[in-house]
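Peer 1: Following this message is one structure expressed as structure tokens.
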Amino acid sequence: MGLLCNFEFGTPRMDAIEAKNLRKSFGPVTAVDDVSITIPEGSIFGFLGPNGAGKTTTIRMMTGVLIPDAGTVQILGTDVNKDPLTAKLKLGVIPENGTVYSDLTAEQNILITAKFYGMDRASRESRTGEILARLGLMERRNDLVRTFSKGMRQRISVACAIVHSPPVLILDEPTVGLDVYSRRLVIETVRHMNREGSTILLTTHNIDEANALCSTISIINRGKIVATGSPEKLKKTFDTSRYVEVSFDRPVGHGLFSAPGITRAEPWGDKWRVYTDDPDRAVKHLASVAEREHLTIVSIATSNPTLEEAFVKLTAGA
Amino acid sequence: MDPNVFARSILVITEKNMRIYYFKGPVVVFGLLFPLIMFLTFFIGRNLDIVLFFPGFLGMMLFFTASSVGPLITPWEKREKTYERLISLPVILESIIIGDLLAGAIFGVAITTIVFVVCAELLHLPLMNAGLLALSFVLGSIAFAALGTLLASPTTDNPSNIMMLSSLVRLPLIFVSGIFIPLGQLSGWEWILTSLSPLTYLVDLFHASLNGDAVYPPWLDILALVIVILVFIGSAKVIQKRNLVKGI
């Protein structure tokens, strides 16, 4: 059994995923360099990073698809490399580059996946029907997957990953390239699985998606974890990226924005974006110069720091 | 490791392979049509003793059918991008290798049994030892299904590359295995070359079980086939494990 490190209402809870010091090189390139992640049971954990940062390599080591050069991964206390069968029974996985069998029907794909998890016939059939209905594929259940759109295939992929109600669900870029309808269904299914008790590990490029879904986020860049925390905590780390957007009734010059607390200002369409570490002071400055120069403020808005800003700063140069 | 989960993973992989790959074009062409055409090309128009040559034909049939499924599975799954999903399911490398092997072996035994029963009825062929024949079917199908799995192990997501490699390995073997020239008529370097082919020992076992005119004692044929099975499975495991480490 793994470490008992979370306590909620006096009940000890195990870490769903505990990756320690993972390292993987491909020839001279170190894809993952000493990555450690701990994901408590019941959480939705986001894993962000630019292309080639090491997200998928890390996920592949966590799911037993790739053997790490060093480090360990435990799924609910079971080591993936020492006891892969037991560890994988606790997992549902949607691989980034993985798809379902196009020569089988939607229903056959889900049923055969359920067999791998040892579900009995009655459970397999009832669960398959339930999932197909939830994912809007009941009418196409007997069609070969090769006739499906990308969105529909991805929904079957999701169905296969959740058919056994896994305690841990790992999704690698599950919404990339999907239409709005399929994307919403996938996200709603992720939320539903989490409400039902599954721990979710999700990699995504979509920062809004991570912001809306995840309770904790790790950002990886060049094979190393560069930040971990709640979305709000990560945003606050980059509080200096806050800005005020203002527009006046006539064009103004750069000099108007020279004041203490304003780090820089740049034209932004018909507005100016004024970056500051103190929005209150910047707004007061803008109001006073508008009064002095007889300018009318047409619009003014302050912006909170965004997760995207944090992501861009942390992965700068990637 | 839970043996029940391991056994289940093998059986489900076997079922998956049987559903998806038995009716693929390369399996039908290389597993069924090819050995039939080869034999007819050799037999028609020549006044050959069918009883003498039938063990060779049966060996060739089992060799081609059992080794035709395995080479297709892994490259096909890598091309279709279903392989990564398969590995992330509750399976281990050994489940995949044995599951692929069993799919090939069952295909080989089923087709060859049908061919044998039909031919035995039509041609009134002798049967000296039914038990030894059944054992030959099992050992031969496993050995050559293992060869198919080994041939699928090199890294590629292009099934036609592996089918070419497979033909390159399999075709020469049928000419040096006592199929077209009975083992008893060989000598010198031909004998040595033939002794190196695993198919020789299966054909010889068929001679023992059908006609009772084997060259080697059955225990030697059986031992040779068991060694071949272990070498093929071990080599496939080493190569596929290396692929997993390299992430390919």
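Just so you know, the sequences run in chain order A and B.
Per the numbering used here, the very first residue in the first sequence carries number 5; after that it's consecutive.
Per the numbering used here, the very first residue in the second sequence carries number 3; after that it's consecutive.
Heads up, the beta-carbon is just placed ideally off N, CA and C, and yes, glycines get one too.
The structure displayed is predicted, hence computed values, not measured ones.
(1) Taking C-beta to C-beta, are G68 (chain A) and K94 (chain A) nearer than 9 Å?
(2) Give the straight-line distance between the Cα atoms of R246 (chain A) and F49 (chain A), rounded to the nearest whole angstrom.
(3) For A137 (chain A), which residues from the same chain have a beta carbon less than 6 Å from its beta carbon, with the 5 sequence-adjacent residues on both sides left out?
(4) Exposed or buried, which one is D176 (chain A) when buried takes at least 16 other CB atoms within 10 Å?
(5) Given S169 (chain A), which residues of its chain have a CB within under 6 Å of its CB, disregarding the five upstream and five downstream residues?
(6) Assuming V7 (chain B) is part of the alpha helix (DSSP H), what are its boundary residues?
(7) At 4 residues or longer, and completely inside the stretch 126 to 212 of chain B: list those alpha helix (DSSP H) runs for me, N to C.
(8) Within the continuous alpha helix (DSSP H) that includes P28 (chain B), where are the two ends?
(9) Using a Cβ-Cβ cut-off of less than 7 Å, give me the residues of the stretch 78 to 89 of chain B that come near chain A, in sequence order.
(10) Strictly below 8 Å CB to CB, what residues from chain A border S11 (chain B)?
(11) Taking a contact to mean a Cβ-Cβ separation below 9 Å, would you say L103 (chain B) touches T151 (chain B) in this structure?
(12) Does any residue of chain B have a CB that is nearer than 9 Å to the CB of T82 (chain A)?
(13) Following the continuous beta strand (DSSP E) through F51 (chain A), name the residue where it begins and the one where it ends.
(14) Are I135 (chain A) and I98 (chain A) close, meaning C-beta to C-beta below 9 Å?
(15) Give the straight-line distance between the Cα atoms of P220 (chain B) and D206 (chain B), rounded to the nearest whole angstrom.
(16) Ignore the nearest five residues each way along the sequence and tell me which others in F32 (chain B)'s own chain have a CB closer than 6 Å to its CB.
(17) Quick one: residues in its chain with C-beta nearer than 8 Å to the C-beta of S29 (chain A), no 5 flanking neighbours on either side, listed in chain order?
(18) Kindly give me the distance between the Cβ atoms of G186 (chain B) and V217 (chain B), rounded to whole angstroms, as I take these residues to be in contact under 8 Å.
(19) Using a cut-off of 8 Å between C-beta atoms, extract the partners of I41 (chain A) located in chain B.
(20) With a threshold of 16 other CB atoms inside 10 Å of the CB of Y85 (chain B), please say whether the residue is buried or exposed.
(21) To test your reading of the DSSP string, which unbroken beta strand (DSSP E) runs of 3 or more residues are found completely within the stretch 161 to 191 of chain A?
(22) Mapping DSSP to helix, strand and coil, what is R226 (chain A)?
(23) Can you confirm whether the stretch 183 to 198 of chain B touches the stretch 109 to 128 of chain B when touching is taken to mean that 3 or more C-beta pairs between the two stretches lie within less than 8 Å?
(24) Would L89 (chain A) and V247 (chain B) qualify as a contact pair, given that the criterion is a beta-carbon distance under 9 Å?
(25) Suppose the cutoff is 6 Å on Cβ atoms and the five residues either side in sequence are ignored; what does the same chain contact list for R128 (chain A) look like?
(26) Check whether chain A comes within 9 Å of I100 (chain B), counting only Cβ atoms and requiring the distance to be less than that.
(27) For the beta strand (DSSP E) holding I71 (chain A), just list the boundary residues, first then last.
(28) How is E12 (chain A) classed by DSSP in three states: helix, strand or coil?
(29) For L129 (chain B), collect the residues of the same chain with a Cβ closer than 8 Å to its Cβ; drop the 5 residues on either side in sequence, then sort them by chain order.
(30) Compare the C-alpha of L34 (chain B) against each of B:L175, B:G106, B:V178 and name the closest.
(31) Please report the straight-line C-alpha distance between F109 (chain B) and G249 (chain B), rounded to a whole angstrom.
(32) Could you list which residues in chain B have their beta carbon closer than 8 Å to that of G68 (chain A), in chain order?
(33) What does DSSP give as the partner residues of V117 (chain B) in its beta bridges?
(34) Is F30 (chain A) close to chain B? Criterion is C-beta to C-beta, closer than 9 Å.
(35) With DSSP collapsed to three states, give me the class of P32 (chain A).
(36) Determine, using beta carbons only, whether L227 (chain B) and G142 (chain B) come nearer to each other than 9 Å.
Peer 2: So, to answer that:
(1) Contact: no.
(2) Between the alpha carbons of R246 (chain A) and F49 (chain A) lies a gap of roughly 26 Å.
(3) Taken in chain order, the list of residues that qualify is empty.
(4) Its Cβ being crowded by 16 or more others within 10 Å, D176 (chain A) is buried.
(5) Cβ-Cβ distances below 6 Å link S169 (chain A) to nothing in the same chain once the five nearest sequence neighbours on each side are left out.
(6) Note, V7 (chain B): alpha helix (DSSP H), 5 to 23.
(7) Assignment of alpha helix (DSSP H) within the stretch 126 to 212 of chain B, counting only whole runs of 4 or more residues, yields 132 to 153, 161 to 177, 190 to 197, 200 to 208 in chain order.
(8) From DSSP, the alpha helix (DSSP H) with P28 (chain B) extends over 27 to 30.
(9) So the close ones are E82, K83, T84, E86, R87, I89.
(10) Listed along the chain, the chain A residues whose CB falls inside 8 Å of the CB of S11 (chain B) are L89, F120.
(11) Yes; because the gap between Cβ atoms is below 9 Å, this pair is in contact.
(12) Cβ-Cβ to chain B under 9 Å: no for T82 (chain A).
(13) In the DSSP annotation of this structure, the continuous segment of the beta strand (DSSP E) that includes F51 (chain A) starts and ends at 48 to 52.
(14) The answer is no: Cβ separation not under 9 Å.
(15) For P220 (chain B) and D206 (chain B), the distance between alpha carbons rounds to 8 Å.
(16) These residues qualify, in order along the chain: S70.
(17) Here S29 (chain A) has A35, D73 as same chain residues with Cβ atoms under 8 Å from its own Cβ, once five neighbours each way along the sequence are excluded.
(18) Right, the Cβ-Cβ distance comes to about 6 Å (below 8 Å), so this counts as a contact.
(19) Simply none; closest approach about 18 Å.
(20) With 16 or more other Cβ atoms within 10 Å, it is buried.
(21) Counting only runs of 3 or more, we get 172 to 176.
(22) Coil, per DSSP.
(23) At 8 Å Cβ cutoff, the stretches do not touch.
(24) Between L89 (chain A) and V247 (chain B), the C-beta gap is not smaller than 9 Å, which leaves the two residues out of contact.
(25) Cβ within range, chain order: L115, A118.
(26) Put simply, the CB of I100 (chain B) is far from chain A, with every gap to its CB atoms at 9 Å or more.
(27) Where I71 (chain A) is concerned, there is no enclosing beta strand (DSSP E), given that its DSSP letter is neither H nor E.
(28) Any reading at E12 (chain A) is ruled out, since the residue's pLDDT is 43, under 50, leaving its predicted position unreliable.
(29) Sequence-distant partners of L129 (chain B) (beyond 5 residues in either direction) whose C-beta falls short of 8 Å from its own C-beta, in its chain, are A122, L135, S211, L212.
(30) Nearest of B:L175, B:G106, B:V178 to L34 (chain B), Cα basis: B:G106.
(31) F109 (chain B) and G249 (chain B): Cα-Cα distance of roughly 31 Å.
(32) Residues of chain B passing the Cβ test: I89, S90.
(33) None, per the DSSP bridge assignment.
(34) Taking Cβ atoms only, chain B reaches closer than 9 Å to F30 (chain A), which makes this a yes.
(35) P32 (chain A) sits in coil when the DSSP states are folded into three classes, being neither helix nor strand.
(36) Yes, they are a contact pair.
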